[in-house]
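Encoded as structure tokens, the structure appears first; notes follow it.
In the UniProt record's numbering, the protein residues as written are 1 to 551.
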């Protein structure tokens, strides 16, 4: 919003001069600055470009060149009155503004120069704040509702797609891809996809409006960045993939991996015709990213306003990464178990879809799914026995993806288990205290043994056989080595637990004891100094009294 002041001609009248009134000279005008100011020719003077600066200038800025103190005081009072009148006129004037969309309007000046906490020239009062808060709350609630509807539509489309793929893949009840039931199911999937795309568009429109409310901009193109446009295009493409009626088929390559010698007489590489719905159905599973958005919007960190406020003050974004780390920190076993089971089932189904058309006709569907579950499990745990090998390129890609995810989950699980088996800080403090007490007791016992054997050697040197002396000397050396070993163990323990609370408490206690001893020594020294001062004072008094008595 751009502002400009509508300047009105203002005539400032100076006090009486020889019975006539003359317009005063504007101290900010160009003629006055150049020294060509003529009061008689300045019948009207427009308000200068620095209107507000005029009221901050000294009050005696336009007084005439009279030197009398009475005349000077009269001129100052007159100028003060004129400036006050001009300020009132300016406050009653109108301020023209121009919106970014081209609309114009006027407002009283006083209503705008008194505003506080304004942004971009827009006055903000309590009603405006309440309006912004209400609009923002509505947009946040709409975002949650749109995400819920999008997730329901996505899961519904995936469920119908799985039903169609299983019915046509196993030829249940003689239903194939050209059967009306299959066409009806895929038509329903297409309709749900259109509804899902509508919700995706509404979600991003709601986000754009929410950003407009936050930044106070008027044009939606201000908040539409390249990253936002790329994110919208990616989500739109991922959600638009679905098996459509009449998509046809494609040629799929199968690689024979039988390790017996009879397979060399047959074909090791062959091509089969596979419905195009198979890769489209597998790619349709990319809609599961909506689960992450649903988890973020329904998490306690996002629903609680106080948590969002604390996160904003600490410059922490409540996004998927933050929520995922919080869940892994609070409930790691439950989250990893749930994710592993769901991932295991989904990848097994996709592996069956890729490898189904390369299996023999006599294979039972239950055997196919059992082999897929076994293959995904051993690949997830990074164990490859070689009994089941994928025959298609898509199956090999799925196997590689499962191996990578399995390595990541295994590392996270190892980190969680290692963190849970560690002692807590309280348990560690108890063990450290017990070990410290044990070392202190052993240190005292070793020192006592050294003193005992020293005394016995001293007694044997005076009287006693040499054999007993050598025995005590060997015990004395053994006690010295034991004392040194305990001292070294105490040093290592103190280094490993330098920041331990028990050590800090001990240091504080020792420092307090040393300070008490120092204070007691100072008190004793102060008492002795006072006694010495008293003795010197008495001696000096006696010395002064003796000459007076002699006189």
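Don't be surprised by glycine CBs; every beta carbon is placed ideally from N, CA and C.
Shortest alpha-carbon distance to residue 380 belongs to which of 339, 366, 364? Selected option, being the one with the closest Cα: 339.
Residue 465: buried (16+ other C-beta within 10 angstroms of its C-beta) or exposed? Here residue 465 is exposed: its Cβ has fewer than 16 other Cβ atoms, across all protein chains shown, within 10 Å.
Have a look at 310, 273, 307, 327 and flag the residue whose alpha-carbon is nearest the alpha-carbon of residue 292. Residue nearest to residue 292 within the set 310, 273, 307, 327 is 327 (criterion: CA-CA distance).
So which of 394, 324, 310 has the shortest CA-CA distance to residue 349? Closest by alpha carbon: 394.
Residue 196 to residue 205, Cα distance in whole Å? Residue 196 and residue 205: Cα-Cα distance of roughly 14 Å.
Cross-strand partners of residue 251 (DSSP beta bridge): Under the DSSP definition of a beta bridge, residue 251 partners with 273.
So the candidates are 289, 213, 316, 322; which of them puts its Cα closest to the Cα of residue 299? For residue 299, the closest C-alpha among the options 289, 213, 316, 322 is that of 322.
What's the call for residue 150, buried or exposed, on a 16-neighbour Cβ count within 10 Å? So residue 150 ends up on the buried side.
What does a CB cutoff of less than 7 Å around residue 377 pick up in its chain, not counting 5 residues either side in sequence? Closer than 7 Å at Cβ, skipping near neighbours: 344.
First through last residue of the alpha helix (DSSP H) which encompasses residue 301: Note, residue 301: alpha helix (DSSP H), 300-303.
Helix, strand or coil at residue 155 according to DSSP, with G and I counted as helix: Helix at residue 155.
Under 8 Å between C-beta atoms of residue 485 and residue 453: Against a cut-off of 8 Å, the Cβ pair of residue 453 and residue 485 comes out as no contact.
Three-state class that DSSP yields for residue 133 in the structure shown: In the structure shown, residue 133 sits in a helix (DSSP, three-state: H, G or I).
CA-to-CA distance, residue 220 to residue 305, given in whole angstroms: The straight-line gap from Cα to Cα measures roughly 26 Å.
Would you mind stating whether residue 224 and residue 136 have Cβ atoms separated by less than 8 Å? Not a contact, by the Cβ cut-off of 8 Å.
Taking residue 478 as part of the alpha helix (DSSP H), name the residues at either end of that continuous run. Where residue 478 is concerned, the enclosing alpha helix (DSSP H) stretches over 466-496.
Drop a sphere of 10 angstroms on the beta-carbon of residue 129, count the other beta-carbons inside from all chains shown, and report buried for 16 or more, exposed for fewer. Result: exposed.
Residue 141 versus residue 163 - alpha carbon distance: Their backbone Cα atoms lie some 33 Å apart in a straight line.
Alpha carbon to alpha carbon, how far is residue 243 from residue 158? Cα-Cα distance, rounded: 10 Å.
When 272, 210, 155 are compared against residue 281, the one with the closest alpha-carbon: If we check each option's Cα against that of residue 281, 155 comes out closest.
Exposure label - residue 518; buried when at least 16 CB within 10 Å: Flag for residue 518 reads exposed.
Backbone secondary structure at residue 423 - three-state DSSP: For residue 423, the secondary structure class from DSSP, reduced to helix, strand or coil, is coil.
As a quick exercise: from 397, 358, 392, 342, pick the residue whose alpha carbon is nearest that of residue 373. Closest by alpha carbon: 342.
For residue 504 and residue 516, I'd like the C-alpha separation in whole angstroms. A straight line joining the alpha-carbon of residue 504 with that of residue 516 spans about 18 Å.
CA-to-CA distance, residue 446 to residue 460, given in whole angstroms: Each residue's alpha carbon lies about 21 Å from the other.
Within the same chain, show all residues whose beta-carbon is closer than 6 Å to that of residue 143, passing over the 5 residues directly before and after it, in chain order. So the list reads 206, once near-sequence residues are dropped.
Residue 271 versus residue 354 - alpha carbon distance: Distance between the alpha carbons of residue 271 and residue 354 is about 13 Å.
So, for residue 202: in the same chain, excluding its five sequence neighbours on each side, which residues have a beta-carbon less than 6 Å away from its beta-carbon? Here residue 202 has 146 as same chain residues with Cβ atoms under 6 Å from its own Cβ, once five neighbours each way along the sequence are excluded.
Three-state secondary structure assigned by DSSP to residue 176: Three-state DSSP puts residue 176 in coil, outside helix and strand.
In whole angstroms, give me the CA-to-CA distance for residue 391 and residue 316. Rounded to whole angstroms, the gap between the alpha carbons of residue 391 and residue 316 is 47 Å.
Starting from the Cα of residue 433, find the closest Cα among 397, 493, 467 and give me that residue. Check the Cα spacing between residue 433 and each of 397, 493, 467: the tightest is with 493.
Taking 8 Å as the threshold (C-beta atoms), are residue 398 and residue 357 in contact? The Cβ-Cβ distance between residue 357 and residue 398 does not fall below 8 Å.
Using C-beta distances below 7 Å, list every residue in its chain close to residue 384, excluding the 5 sequence neighbours before and after it, in chain order. Listed in chain order, the non-local C-beta contacts of residue 384 below 7 Å within the same chain comprise 378, local neighbours out to five positions each way being set aside.
Could you give the distance in angstroms between the alpha-carbon of residue 389 and the alpha-carbon of residue 249? Note on geometry: alpha-carbon atoms of residue 389 and residue 249 lie some 25 Å from one another.
Put residue 24 into one of helix, strand or coil per three-state DSSP. Model confidence at residue 24 stands at a pLDDT of 42, short of 50, so the residue's coordinates are unreliable; what they give is reported in the following sentence. In the structure shown, the three-state DSSP call for residue 24 is coil.
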